[in-house]
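For the sequence shown, the UniProt record's numbering begins at 1 and goes up steadily by one.
Remarks on the structure that follows.
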Amino acid sequence: MPVDPGPEEIKRYVDEDDGGPVVMLNMLKYKTDGGRESYAEYGAKVMEFLNEVGAEVLYASEASTALVAPEGWDWDSVMLIRYPSRAKFLEMVTSPGYQEIGHLRTEGLDEAILQATKPLM
1 MPVDPGPEEI
11 KRYVDEDDGG
21 PVVMLNMLKY
31 KTDGGRESYA
41 EYGAKVMEFL
51 NEVGAEVLYA
61 SEASTALVAP
71 EGWDWDSVML
81 IRYPSRAKFL
91 EMVTSPGYQE
101 IGHLRTEGLD
111 EAILQATKPL
121 M
């Protein structure tokens, strides 16, 4: 399972942009050899870039028991991050500063789900 979006996923993400805020669901499984540490370093450094685009961490936690999930879907952490718009998310991840730290995320993760969501109500 890839941990970073590819060109097709980015295109679909942009095509679905309605100009409104987006909450990104992050479900993360760390690599067993140093993954948690690498991701923790990324997490500390990414806060600057989240702040620059007006994003906020709504929720971050260690995952617990899955009551309903496919076998083997044991996530380590779950996060919800709100961005003012999809454009602001893309602005962040394509910025030169973020490009310097993005490898820490990739190096730390064994599996990930990064799902764009929008409010139903």
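Even glycine gets a Cβ: it sits at the ideal position worked out from N, Cα and C.
- prompt: Considering only C-alpha positions, which residue in the set Lys118, Ile113 and Met27 is nearest to residue 125?
  reply: The structure shown does not extend to residue 125, since the chain is modelled only from 1 through 121, so no value can be given for it.
field: Whole-Å CB distance - Arg36 paired with Tyr30, under 8 Å assumed
entry: 5 Å
message: On the CB-based measure, 16 or more other CB atoms within 10 Å of its CB, does Met92 come out buried or exposed?
response: buried
- prompt: Does the Cβ-Cβ distance between Glu28 and Trp73 come in under 8 Å?
  reply: It is Leu, not Glu, that sits at residue 28 in the sequence shown. Result no, Cβ atoms of Leu28 and Trp73 do not sit closer than 8 Å.
query: Secondary structure at Leu25, three-state DSSP: helix, strand or coil?
result: strand
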